[in-house]
Amino acid sequence: MTTITLHTDREGERADAFLARSVPDLTRSAAQKLLEQGMVKRKGAALRKNDRLSLDEELELTLPDPEPLDVVPQNIPLDVVYEDADVIVVNKPVGLVVHPAPGHPDGTLVNALLYHCGDSLSGVNGVLRPGIVHRIDRDTSGLIIAAKNDRAHLALAEQLQDHSLARTYEAVTVGGLKEDEGTVDAPIGRHPVDRKKMAIDRKNGKRAVTHYTVLGRYPGYTHVQCRLETGRTHQIRVHMASIGHPLLGDVVYGSKKPWPGLAGQCLHARKLRFIHPTTGKPVEVECPLPDWFQAVLKQIDK
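The following block contains the structure:
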């Protein structure tokens, strides 16, 4: 078993809601189960799921030993940009799915990381697996970080919430942006009709903020840098489409006609900055624009 310390950051929040929000991959029901088992304590006393928490309290969470993941490790080549005993950063190619799912039971980044990392894995959700803190779409390329142990996993997840884990993308949008830089601050939630899509939802959506800067202007297109302040599903794609400039090749939120030679949207996770969970020092990694992205820039320049 592993015992970790958590610090509350909201006044009056239920114990189960706090756990589900603060611990990566922990569902509300899993959090309630841990509370029922007496695995969460405040000043030595076990908490109940509906107990209310105060700001700046210290909780002790004991996690049971994780069970093996029912996913087969596969020797899939990885472009490792950074790696140590705590974390690994991979430059994911277009077409590689991050997690196994219906239709993609194997051949995913998780399969590859299980093979590459061996016994060095995170297990905060009760299952031994690479602690992937954030995700990128199948047809988006670029940097993605995974934790090798519970401590690193929780530290990176906390950085994701307080924005000290910074992610910078490059994209090509359709149309010419009027301003050289700007911010889209609009909440995102599930599309009311098509549940596979996301949409701007000012009533029930979660806060989402994207900062963009123009890197280059082309006839009918704009090369932009996007910096995420939050990390909602399809955030850049939804935000840029919401201001009338969908990503080139995005057949979900833009034109239904695919761009020749593109598997999907023209989007690449270029830079990643985080605070190392052990040393406390900032780590910044970067990967170049892939050949397919550079080819798009040459095409639109013509």
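As numbered in this note's numbering, residues 1061 to 1362 make up the sequence shown, in order.
Yeah, the Cβ is synthetic: ideal placement off N, Cα and C, and Gly gets one too.
As the structure is a prediction and not an experimental result, all values here were calculated from the model.
In its chain, beyond the 5 residues on either side, 1334 and 1336 have a beta carbon closer than 6 Å to the beta carbon of residue 1343.
The segment 1209-1242 is shown to contain whole alpha helix (DSSP H) runs of 4 or more residues at 1210-1222, in chain order.
Here residue 1196 is not near residue 1323, since their CB atoms are 9 Å or more apart. Annotation: residue 1328 is outside any alpha helix (DSSP H); the continuous beta strand (DSSP E) that includes it extends over 1327-1335. For residue 1288, the three-state secondary structure derived from DSSP is strand. A straight line joining the alpha-carbon of residue 1256 with that of residue 1250 spans about 8 Å.
Taking the Cα positions, residue 1214 is about 16 Å away from residue 1341.
With a cutoff of 9 Å on beta-carbon distance, residue 1145 and residue 1109 are scored as not near each other.
Annotation for residue 1266: 1247, 1248, 1249, 1290 and 1292 place their beta carbon closer than 8 Å to its own, counting only its chain and skipping 5 residues before and after.
Just so you know, the alpha carbons of residue 1174 and residue 1133 end up roughly 5 Å apart. Residue 1109 sits in coil when the DSSP states are folded into three classes, being neither helix nor strand. Residue 1233 places its beta carbon 9 Å or farther from that of residue 1294. Cβ-Cβ separation between residue 1169 and residue 1193: approximately 13 Å, too far for a contact (criterion under 8 Å).
By the neighbour-count criterion, in which a residue is buried when 16 or more other Cβ atoms sit within 10 angstroms of its Cβ, residue 1152 is buried. Closest in alpha carbon position to residue 1231, among 1103, 1219 and 1301, is 1301.
With contacts defined as CB atoms closer than 9 Å, residue 1239 and residue 1274 qualify as a contacting pair. Around the beta carbon of residue 1199, a 10 Å sphere encloses 16 or more other beta carbons of the protein chains shown; the residue is thus reported as buried. DSSP, reduced to helix, strand and coil, places residue 1346 within a strand of the structure shown. By the neighbour-count criterion, in which a residue is buried when 16 or more other Cβ atoms sit within 10 angstroms of its Cβ, residue 1259 is buried. Within a 10 Å sphere around the beta-carbon of residue 1262 sit fewer than 16 other beta-carbons, which makes this residue exposed.
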